[in-house]
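What follows is a single structure, written as structure tokens, with notes after it.
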Amino acid sequence: FYHKSGLLSPCPGCAKIGISSVEINILIDEGLEIGVELSWLEAVARQVLVAEGVGAKTEMGLVIATGERVKQLNRDYLGEDEPTDVLAFSAREEAADQSPFIQPPDGVLHLGEVIISYPQAVIQAEEHRHPVKKELAILIIHGLLHLLGYEHDEPELERRMRAREAELLGRIEGGLK
2 FYHKSGLLSP CPGCAKIGIS SVEINILIDE GLEIGVELSW LEAVARQVLV
52 AEGVGAKTEM GLVIATGERV KQLNRDYLGE DEPTDVLAFS AREEAADQSP
102 FIQPPDGVLH LGEVIISYPQ AVIQAEEHRH PVKKELAILI IHGLLHLLGY
152 EHDEPELERR MRAREAELLG RIEGGLK
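Each number in this note's numbering comes from the position in the sequence shown (counting from 1) with 1 added on.
This is the structure:
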């Protein structure tokens, strides 16, 4: 199933900063029944982008995938032959001397794709004893922060990223019911 977001903004405050022109392309792997409205997935992603100050003319993909597909991508692209919960593939190439968000020739900032393993999200939701929707929000936040340059490969970077994830989740948690 494929969903391409329109120009109407489902999140409060988004239109004020021009985020309504952000295009979020959502793909649900065939055969997956996720029990979550696509508009909700889109709203979570938009709220993260708003909070991170991402402006208009931005495009990104969000894929809710089977565990097998995510494991294969993890193996093919990251060399890890094991399941994982979320992958983020950035479409931006940044040299060390460039600042992020250089305007591309087409005028649209292509962030990349966040790919979430739905079965892994269900497992993690059960482990943490919270709803699957909350786990999906956590994974969307985590993947988007990676697309926006956050990393967790060093202790200080991990603390910074985890703190930001918690802050963002707190901002949107009211809409998770």
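Ideal placement from N, C-alpha and C gives every residue a C-beta, glycine not left out.
Is the Cβ-Cβ distance between residue i and residue j less than 8 Å?
i: G183; j: N26; result: The structure shown does not extend to residue 183, since the chain is modelled only from 2 through 178, so no value can be given for it.
i: L79; j: A92; result: no
i: I124; j: V87; result: no
i: I141; j: V51; result: no
i: L146; j: M162; result: yes
i: D30; j: A66; result: yes
i: V71; j: T85; result: yes
i: V109; j: E60; result: yes
Helix, strand or coil: which one does DSSP assign to residue i?
i: H143; result: helix
i: E179; result: A question about residue 179 goes unanswered here, because the residues of the chain that appear run from 2 up to 178.
i: G62; result: strand
i: L28; result: strand
i: L149; result: coil
i: R76; result: helix
i: V23; result: coil
i: R130; result: coil
i: E83; result: coil
What's the call for residue i, buried or exposed, on a 16-neighbour Cβ count within 10 Å?
i: G171; result: exposed
i: A167; result: exposed
i: E159; result: exposed
i: E43; result: buried
i: A57; result: exposed
i: G144; result: buried
i: R1; result: Absent from the model: residue 1. The displayed extent of the chain is 2 to 178, so no value can be given.
i: Q121; result: buried
i: Y69; result: Just to set this straight, residue 69 is Glu in the shown sequence, not Tyr. Exposed, by the Cβ-count rule.
i: E189; result: For residue 189 there is no data in the structure shown, the boundaries of the chain being 2 and 178.
i: E34; result: exposed
i: E114; result: buried
What are the boundary residues of the beta strand (DSSP E) that includes residue i?
i: V115; result: 110–118
i: A89; result: 87–91
Along the chain, where does the alpha helix (DSSP H) containing residue i start, and where does it finish?
i: E166; result: 156–173
i: V55; result: Element bounds for V55: n/a, residue is neither H nor E.
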